[in-house]
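Visitor:
In the numbering used here, the protein residues as written are 43 to 294.
#1: Output the distance between the C-alpha atoms of residue 130 and residue 113, rounded to the nearest integer angstrom.
#2: My output table needs one value for residue 94: the three-state DSSP class, helix, strand or coil.
#3: Figure out for me which residue from 148, 152, 151, 156 has the closest Cα to the Cα of residue 138.
#4: Go to residue 137, then tell me how far its alpha helix (DSSP H) extends in each direction, as first and last residue.
#5: Buried or exposed for residue 178, going by 16 or more other Cβ atoms inside 10 Å?
#6: Beta-carbon separation of residue 263 and residue 219 under 8 Å?
#7: For the 8 Å Cβ check, are there 3 or more pairs between the region 164–179 and the region 194–205?
#8: Output needed for residue 292: all residues of its chain with C-beta closer than 8 Å, excluding positions within five of it in sequence on either side, in chain order.
#9: Return the CA-CA distance between residue 99 and residue 87, expressed in angstroms with no decimal places.
#10: Are three or more beta carbon pairs between the region 221–232 and the region 247–254 nearer than 8 Å?
#11: Going residue by residue through the region 95–124, where are the continuous beta strand (DSSP E) segments of at least 3 residues, counting only ones entirely within it?
#12: Is it right to say residue 63 is buried, meaning 16 or more other beta carbons lie within 10 angstroms of its own, or is it exposed?
#13: Are residue 94 and residue 105 close, meaning C-beta to C-beta below 8 Å?
#14: Please state whether the Cβ-Cβ distance between residue 268 and residue 61 is less than 8 Å.
#15: Taking C-beta to C-beta, are residue 285 and residue 76 nearer than 8 Å?
#16: Taking the straight line between their C-alpha atoms, what separation do you get for residue 153 and residue 193?
#17: Buried or exposed: which applies to residue 55, given that a residue is buried once 16 or more other Cβ atoms fall within 10 Å of its Cβ?
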């Protein structure tokens, strides 16, 4: 069941820059935000269907705990990607096809490939593709945001072919052939025009990164537009620590 994160915890506030959405933590609401995020961990890192096949949360507790990231940097990055994923599904018309973090090979390390890939059907046929980079830090730096913009420029501004192939395989494995066909087509020569790509940067921080997002290098291709989202929390380190404070074998 969907859990709304952006109602009682993070509140939309007007950013002083075009193309940037800003969500600021409501005073005193971090415990509520932590509680909501923790309810999402099992699905993002293991998957509800797998947990049910294992016999429920109690039976899957060790697997869930051993799938969650360890190390402050990895935890911070994974939390940023989780929030970005939830934002796309809850607040945009794009659809993220899979919970990519379920397939991490090492919980000490970040997931490789593009952080966010999502699609939106076009009225005339085909899809618009969101290519997103997620960043998370107590204090966001100019170099970090510039690095995100430069990361979006890789592969000629289009999605990483390896990420598209990864998504395609997972969709076909799950019997979602119609969706798999979309991602298979995106890998073909000429399968994605620049005008059908939009770049997004997501930044989770303890200090407002809106100014840095507004001054990040523009996409090199004029046909590719970029948007940005800032998630501003009162205590970034405390948020990360509280979200992943789970004992071995304990339920999230």
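Beta carbons are placed, not taken as given, at the ideal position from N, Cα and C, and that holds for glycine.
Guide: On the basis of the data shown:
#1: Here residue 130 corresponds to residue number 88 of the chain shown, with the count starting at 1. Here residue 113 corresponds to residue number 71 of the chain shown, with the count starting at 1. About 26 Å.
#2: The residue labelled residue 94 in the question sits at position 52 within the chain shown. Reduced to three states, the DSSP call for residue 94 is helix.
#3: Your numbering for residue 138 matches position 96 in the chain shown. Taking only the C-alpha atoms, the option nearest residue 138 is 156.
#4: In the chain shown, the residue the question calls residue 137 occupies position 95. Unbroken run through residue 137: none, as it is neither H nor E.
#5: Along the chain shown, one-based indexing puts residue 178 at 136. Burial call: buried.
#6: For the purposes of this step, residue 263 is identified with residue 221 of the chain shown, where counting begins at 1. For the purposes of this step, residue 219 is identified with residue 177 of the chain shown, where counting begins at 1. No, the Cβ-Cβ distance between residue 263 and residue 219 is not below 8 Å.
#7: Between the region 164–179 and the region 194–205 there are three or more C-beta pairs closer than 8 Å, enough to call the two in contact.
#8: By 1-based counting over the chain shown, the position of residue 292 is 250. Confidence in residue 292 is poor, its pLDDT being 49 and thus under 50, which makes the residue's placement too unreliable to answer from.
#9: If you number the chain shown from 1, residue 99 lands on position 57. If you number the chain shown from 1, residue 87 lands on position 45. Residue 99 and residue 87: Cα-Cα distance of roughly 13 Å.
#10: no
#11: If we require 3 residues or more, the region 95–124 turns out to have no beta strand (DSSP E) run fully inside it.
#12: Position 21 of the chain shown, counting from 1, holds the residue named residue 63. Residue 63 should be labelled buried.
#13: Reading the chain shown from its first residue, position 52 is the one you call residue 94. Reading the chain shown from its first residue, position 63 is the one you call residue 105. For residue 94 and residue 105, no; Cβs fall outside 8 Å.
#14: Sequence index remark: in the chain shown, residue 268 carries index 226 (1-based). Sequence index remark: in the chain shown, residue 61 carries index 19 (1-based). In terms of Cβ geometry, residue 268 and residue 61 form a close pair [threshold 8 Å].
#15: Reading the chain shown from its first residue, position 243 is the one you call residue 285. Reading the chain shown from its first residue, position 34 is the one you call residue 76. Yes, the Cβ-Cβ distance between residue 285 and residue 76 is below 8 Å.
#16: Taking the first residue of the chain shown as position 1, residue 153 is located at position 111. Taking the first residue of the chain shown as position 1, residue 193 is located at position 151. Whole-angstrom Cα-Cα distance: 14 Å.
#17: Sequence index remark: in the chain shown, residue 55 carries index 13 (1-based). By the neighbour-count criterion, in which 16 or more other beta carbons inside 10 Å mark a residue as buried, residue 55 falls on the exposed side.
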